[in-house]
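As they're listed, the protein sequences go chains L and E.
Per the numbering used here, the very first residue in the first sequence carries number 15; after that it's consecutive.
Per the numbering used here, the very first residue in the second sequence carries number 15; after that it's consecutive.
Ideal Cβ positions, reconstructed from N, Cα and C, are used throughout, including at glycine.
Please read all numbers here as calculations on a predicted model, not as lab measurements.
Everything below concerns the one structure shown next.
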Amino acid sequence: MKNNKISGAEAVIRCLLEEGVDLVYGYPGGAIMPVYDELYKFQDQLHHVLVRHEQGATHAAQGFARATGKVGVAIATSGPGATNLVTGIADAQIDSTPMVCITGQVGKHLLGSDAFQETDIIGISTPVTKWNYQITEASEIPEIMAKAFFIAKSGRPGPVLIDITKNAQFDEIEFSYKKCTSIRSYNPKPTLDFTKVNEAAALINAAKKPFIIFGQGVILSEAEAELKELVEKSGIPTAWTILGLSALPTDHPLNVGMVGMHGNYGPNVLTNECDVLIALGMRFDDRVTGNLATYAKQAKVIHFEIDPAEVDKNVKTEVAVLADLKESLTALLPKINNNKHESWHNEFKEKYQIELDQVINEELKPTNGKGISMGETIEMINKHSNGDAIMVSDVGQHQMFACRYAKFNSTKSNVTSGGLGTMGFALPAAIGAKMGMPNREVVAIIGDGGFQMTIQELGTIFQTKVPVKIVVLNNEFLGMVRQWQQLFFDKRYASTEMINPNFIAIAEGYYIKAKKVTKREDLDTAVAEMMASKESYFLEVMVEKENNVFPMIPTGASVSDIRLS
Amino acid sequence: MENKIFTISVYSENNVGLLNRISGIFLKRHINILSLNVSESEIENVSRFIIVVDTTEKWVQNIVGQIEKQIEVIKAFYHIDEETIFLENALFKIQSNLLFDEREIQNIIKESHSEIVTVARDFFVISKSGQRNEIEALYDKLKPFGIMQFVRSGRISVSKEKMEISSLLETLSNQ
Numbered sequence: 015m016k017n018n019k020i021s022g023a024e025a026v027i028r029c030l031l032e033e034g035v036d037l038v039y040g041y042p043g044g045a046i047m048p049v050y051d052e053l054y055k056f057q058d059q060l061h062h063v064l065v066r067h068e069q070g071a072t073h074a075a076q077g078f079a080r081a082t083g084k085v086g087v088a089i090a091t092s093g094p095g096a097t098n099l100v101t102g103i104a105d106a107q108i109d110s111t112p113m114v115c116i117t118g119q120v121g122k123h124l125l126g127s128d129a130f131q132e133t134d135i136i137g138i139s140t141p142v143t144k145w146n147y148q149i150t151e152a153s154e155i156p157e158i159m160a161k162a163f164f165i166a167k168s169g170r171p172g173p174v175l176i177d178i179t180k181n182a183q184f185d186e187i188e189f190s191y192k193k194c195t196s197i198r199s200y201n202p203k204p205t206l207d208f209t210k211v212n213e214a215a216a217l218i219n220a221a222k223k224p225f226i227i228f229g230q231g232v233i234l235s236e237a238e239a240e241l242k243e244l245v246e247k248s249g250i251p252t253a254w255t256i257l258g259l260s261a262l263p264t265d266h267p268l269n270v271g272m273v274g275m276h277g278n279y280g281p282n283v284l285t286n287e288c289d290v291l292i293a294l295g296m297r298f299d300d301r302v303t304g305n306l307a308t309y310a311k312q313a314k315v316i317h318f319e320i321d322p323a324e325v326d327k328n329v330k331t332e333v334a335v336l337a338d339l340k341e342s343l344t345a346l347l348p349k350i351n352n353n354k355h356e357s358w359h360n361e362f363k364e365k366y367q368i369e370l371d372q373v374i375n376e377e378l379k380p381t382n383g384k385g386i387s388m389g390e391t392i393e394m395i396n397k398h399s400n401g402d403a404i405m406v407s408d409v410g411q412h413q414m415f416a417c418r419y420a421k422f423n424s425t426k427s428n429v430t431s432g433g434l435g436t437m438g439f440a441l442p443a444a445i446g447a448k449m450g451m452p453n454r455e456v457v458a459i460i461g462d463g464g465f466q467m468t469i470q471e472l473g474t475i476f477q478t479k480v481p482v483k484i485v486v487l488n489n490e491f492l493g494m495v496r497q498w499q500q501l502f503f504d505k506r507y508a509s510t511e512m513i514n515p516n517f518i519a520i521a522e523g524y525y526i527k528a529k530k531v532t533k534r535e536d537l538d539t540a541v542a543e544m545m546a547s548k549e550s551y552f553l554e555v556m557v558e559k560e561n562n563v564f565p566m567i568p569t570g571a572s573v574s575d576i577r578l579s
Numbered sequence: 015m016e017n018k019i020f021t022i023s024v025y026s027e028n029n030v031g032l033l034n035r036i037s038g039i040f041l042k043r044h045i046n047i048l049s050l051n052v053s054e055s056e057i058e059n060v061s062r063f064i065i066v067v068d069t070t071e072k073w074v075q076n077i078v079g080q081i082e083k084q085i086e087v088i089k090a091f092y093h094i095d096e097e098t099i100f101l102e103n104a105l106f107k108i109q110s111n112l113l114f115d116e117r118e119i120q121n122i123i124k125e126s127h128s129e130i131v132t133v134a135r136d137f138f139v140i141s142k143s144g145q146r147n148e149i150e151a152l153y154d155k156l157k158p159f160g161i162m163q164f165v166r167s168g169r170i171s172v173s174k175e176k177m178e179i180s181s182l183l184e185t186l187s188n189q
């Protein structure tokens, strides 16, 4: 008689295939070896990318998910393999990125015995996962894997961790798979309340100075077209949060810039002058609001949000429209009156002129013999990408410059670590973004500090030949911390100066084409060469050491007290 | 906003790890849980948490939202004391000879509406259900005679308003 049974490990692979996964990132080890053995057998259907550190696997999976909208998958062994995933999981949790992490675990009979490479990854990952589960019997695998993908992707997305004991990977089961479409205790999409839509429409139509701030919710619910239509129909000045960036083309005439700590001057100042604040798929993070006690107090706030826990968490709303954003905007659109809000737009234009004169011009065309600025490097990348590239930024000053000055024509183009602020995110995330979107140019923008946190992923780039473009903006400082030390700690530069290695030699050690630019006149050709390269390319740009990012809302200050210098 | 005592009531699936997930939400905000009780609820396989905390209404609203969004949580509520019927249970273990030597103890038991649940050669056990102040009053009265062991349970409570979890579960299952 033919045995129809398969191992739990094979079941894991079959579940991934059932979910349409064809690419996973990971690192093998003892407790996950049965799964790796099956990955070997299934390599023609499921491509496994060997990263150089498990943190890289999570960021690569995140980059993949952010650029494609699909669920990213990362695999690791028990113990240190699992704990190394935690930073990426926390990052995915706070930035609502759909990701499934699979970890091996010691055999069921060894659980709790402090066995070799045993760690309580369920306990450790609980606060930073949307859901997690420990599988101890092979028979649980299909149902739990189906739940994992459903939970990761539905509603407000997030990371799920599935820990599988070694016995469950070895044991055999009859395999059958059914996708999960509902869980009785989980309501991913609140039912849209049309009375709330009507209330919102009435407030918006009556507003004299309405203001839209959109966040990543637009991208996650794929409501870009609805957002554009709303903005164009209503004529309302519209700003983005760092994670909303690229959901509306950056050069859209009604796009007034970025809100938040290093956002644009107008959108921040005028937050405190608008009469109706329309928040679309954003969560009023403290880096967006500054001091809550003085944030948009004059405005009636309408919050379009999928997660009920976000409503009134930070900012008290007048009307909360709880639903998937695409659904709520679709319902809202026919009720919105055509408008232009010209004089209100002029206020934004006036403020932009001030910012242009006091900040932007100097940043993009530095005077007084100053070295290359980060802003002008981003401008140069814009020139050669025409705004069509995916930009993956790390964390720090360069990230703020990237998000302030990058040009984007299409959505899902800005991949950055927003909520967690994870240095080391960009290099592995760029790998994932490029593999997910092979036809798009992917440029990683990284500081000299963050680059060295996951620098080993150059090995992954070399081995997989993934043609990502890497730009390190080197100011030989942990620039953002140095800026704060300069402004708030009397220039006591405690442990922020970096004596860096020869990055070119390192990149070349990984057989990656590399070039270093120290003079402004060489920047154009170097960026052009990088963008034209068919292979991966490493570009180090030596930038002015002690430049600061402005405007800036100091911690605890009001958005309207944003500083221009 | 001033601090108050709130009773948080959570209906959830009966799954491993959920207690950790829920308690983590309090840990994250540096809130000490005053009392915690987990038991079966009126619905099969559905657990009921009763958590008592001392915090502000704003925070308790946020916390309840964050508890409710956990995948395996069906519904979470919060109430102030006036909105619930609540009590705790306490056990007092006392030397048996005192029951006969100290006649006052018998009066205390009678007046406090507590009951003797067991009598052994060396000790007897008094059980008292009630509100915290009643249990504390009994404790104070028995203390001079010597209490061998004392234990008090977490608060259990039912709300005065309806909490239609069964019908909610039905809607959720039918979605």
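According to the Cβ coordinates, are L/Thr-308 and L/Ser-547 closer than 7 Å?
-> With respect to the 7 Å criterion, L/Thr-308 and L/Ser-547 are not classified as neighbours on the basis of their beta carbons.
Euclidean distance between Cα positions of L/Ser-574 and L/Asn-305 | Here the alpha carbons of L/Asn-305 and L/Ser-574 stand approximately 10 Å from one another.
Is it buried or exposed for L/Met-15, if we count other Cβ within 10 angstroms and need 16 for buried?
-> Model confidence at L/Met-15 stands at a pLDDT of 49, short of 50, so the residue's coordinates are unreliable; what they give is reported in the following sentence. With fewer than 16 Cβ atoms within 10 Å of its Cβ, L/Met-15 is classed as exposed.
Min CB distance E/Asn-76 to chain L below 7 Å = Cβ-Cβ to chain L under 7 Å: yes for E/Asn-76.
Taking the alpha-carbon positions, what's the L/Gly-40 to L/Gly-463 distance?
-> In this structure, the alpha-carbon of L/Gly-40 lies about 24 Å from that of L/Gly-463.
Does the stretch 467-482 of chain L touch the stretch 356-367 of chain L, meaning 3 or more C-beta pairs lie closer than 8 Å?
-> Taking a cut-off of 8 Å on C-beta distances, the stretch 356-367 of chain L does not touch the stretch 467-482 of chain L, as fewer than three cross pairs fall below it.
Interface residues of chain E around L/Ala-323 at Cβ under 8 Å?
-> Chain-ordered, the chain E residues with CB closer than 8 Å to the CB of L/Ala-323 read Asn-76, Gly-79, Gln-80, Glu-82 and Lys-83.
Enumerated in chain order, which unbroken segments of the alpha helix (DSSP H) with a length of 4 residues or greater are wholly contained in the stretch 464-541 of chain L?
-> Taken in chain order, the complete alpha helix (DSSP H) segments of 4 or more residues contained in the stretch 464-541 of chain L are 472-478, 493-502 and 517-523.
In chain order, what residues of the stretch 31-43 of chain E put their CB closer than 9 Å to some CB of chain L?
-> For chain L, the residues of the stretch 31-43 of chain E that bring a beta carbon within less than 9 Å of one of its beta carbons are Gly-31, Asn-34, Arg-35, Gly-38, Ile-39, Leu-41 and Lys-42, in chain order.
Less than 6 Å between the CB of L/Gly-86 and some heavy atom of the ligand SAM, yes or no?
-> As for the ligand SAM, it is missing from this structure, which has no ligand bound.
CA-CA distance, E/Leu-32 and L/Asn-286?
-> For E/Leu-32 and L/Asn-286, the distance between alpha carbons rounds to 41 Å.
In or out: L/Val-406 buried (at least 16 other Cβ within 10 Å) or exposed?
-> Its Cβ being crowded by 16 or more others within 10 Å, L/Val-406 is buried.
Taking only beta-carbon atoms, is L/Trp-145 less than 7 Å away from chain E?
-> At least one CB of chain E lies nearer than 7 Å to the CB of L/Trp-145.
Distance CB(L/Phe-164)-CB(L/Cys-194) smaller than 7 Å | Taking 7 Å as the Cβ cut-off, L/Phe-164 and L/Cys-194 qualify as a contacting pair.
According to DSSP, which residues form a beta bridge with L/Gly-86?
-> Beta-bridge pairing links L/Gly-86 to L/Met-113.
Have a look at L/Pro-442, L/Lys-479, L/Phe-476 and L/Val-485 and flag the residue whose alpha-carbon is nearest the alpha-carbon of L/Met-467.
-> Ranking L/Pro-442, L/Lys-479, L/Phe-476 and L/Val-485 by Cα distance to L/Met-467 puts L/Pro-442 first.
Can you pull the chain E residues whose beta carbon is under 8 Å from the beta carbon of L/Lys-327, in chain order?
-> Ordered by position in chain E, the residues that pass the 8 Å Cβ test against L/Lys-327 are Asn-76 and Gly-79.
What is the rounded straight-line gap between the Cα of E/Gly-79 and the Cα of E/Trp-73?
-> Distance between the alpha carbons of E/Gly-79 and E/Trp-73: 10 Å.
By how many angstroms is the C-alpha of L/His-61 removed from the C-alpha of L/Asn-488?
-> Straight-line Cα distance between these residues: approximately 34 Å.
Pair within 7 Å by beta-carbon distance, L/Ala-88 and L/Thr-111 | No. Outside cutoff.
For the 8 Å Cβ check, are there 3 or more pairs between the stretch 230-241 of chain L and the stretch 350-364 of chain L?
-> These segments do not touch.
So L/Leu-166 is in the alpha helix (DSSP H); what residue range does that whole segment cover?
-> It is worth fixing the name first, because residue 166 of chain L is Ala in this sequence and not Leu. Taken as a continuous stretch (DSSP letters only), the alpha helix (DSSP H) holding L/Ala-166 covers 155-167.
The alpha helix (DSSP H) spanning L/Lys-55 covers which residue range?
-> Unbroken alpha helix (DSSP H) run through L/Lys-55: 47-55.
Own chain residues within Cβ distance below 6 Å of L/Asp-185, not counting five before or after | Cβ within range, chain order: Gly-22 and Ala-152.
L/Met-449, DSSP secondary structure in three states | The three-state reading of DSSP puts L/Met-449 in helix, counting H, G and I together.
Candidates E/Arg-135, E/Phe-159, E/Gln-84 and E/Val-139: which alpha carbon is nearest E/Glu-118's?
-> The shortest C-alpha separation from E/Glu-118 is found at E/Phe-159.
To the nearest angstrom, how far is it from the Cα of E/Leu-182 to the Cα of E/Lys-176?
-> So the alpha carbons of these two residues sit roughly 12 Å apart.
Are three or more beta carbon pairs between the stretch 223-230 of chain L and the stretch 379-386 of chain L nearer than 8 Å?
-> A contact between stretches requires three or more CB pairs, one per stretch, nearer than 8 Å, and the stretch 223-230 of chain L fails this requirement with the stretch 379-386 of chain L.
Chain L contact for E/Ile-123 (CB, 7 Å cutoff) | Contact with chain L is absent for E/Ile-123, since none of that chain's Cβ atoms lies less than 7 Å from the residue's Cβ.
In three-state terms, what does DSSP make of L/Asn-146?
-> Correct three-state label for L/Asn-146: strand.
E/Val-30: which of L/Trp-358, L/Val-456, L/Val-329 and L/Tyr-147 sits nearest, CA to CA?
-> Checking every option, the nearest Cα to that of E/Val-30 belongs to L/Tyr-147.
Three-way DSSP call (helix, strand, coil) for L/Met-15 in this model | At L/Met-15 the pLDDT is 49, less than 50, meaning the model places this residue with poor confidence; the figure from the coordinates comes in the next sentence. The answer is coil: DSSP assigns L/Met-15 none of H, G, I, E or B.
Please look up how many angstroms separate the CB atoms of L/Pro-202 and L/Ser-168, rounded, as I've assumed it's under 8 Å.
-> Going by Cβ atoms, the distance from L/Pro-202 to L/Ser-168 rounds to 4 Å, so yes, they are a contact pair.
Residues in the stretch 87-108 of chain E having any Cβ partner in chain L nearer than 7 Å = Among the residues of the stretch 87-108 of chain E, those with a Cβ less than 7 Å away from any Cβ of chain L are Val-87 and Ile-88, in the order of the chain.
So, does the CB of E/Glu-27 fall closer than 7 Å to a CB anywhere in chain L?
-> With 7 Å as the cut-off, E/Glu-27 counts as an interface residue toward chain L.
Residue nearest to L/Pro-156 in terms of C-alpha spacing, selected from L/Ala-75, L/Ala-104, L/Leu-30 and L/Leu-346 = Comparing Cα-Cα distances from L/Pro-156 to each of L/Ala-75, L/Ala-104, L/Leu-30 and L/Leu-346, the minimum goes to L/Leu-30.
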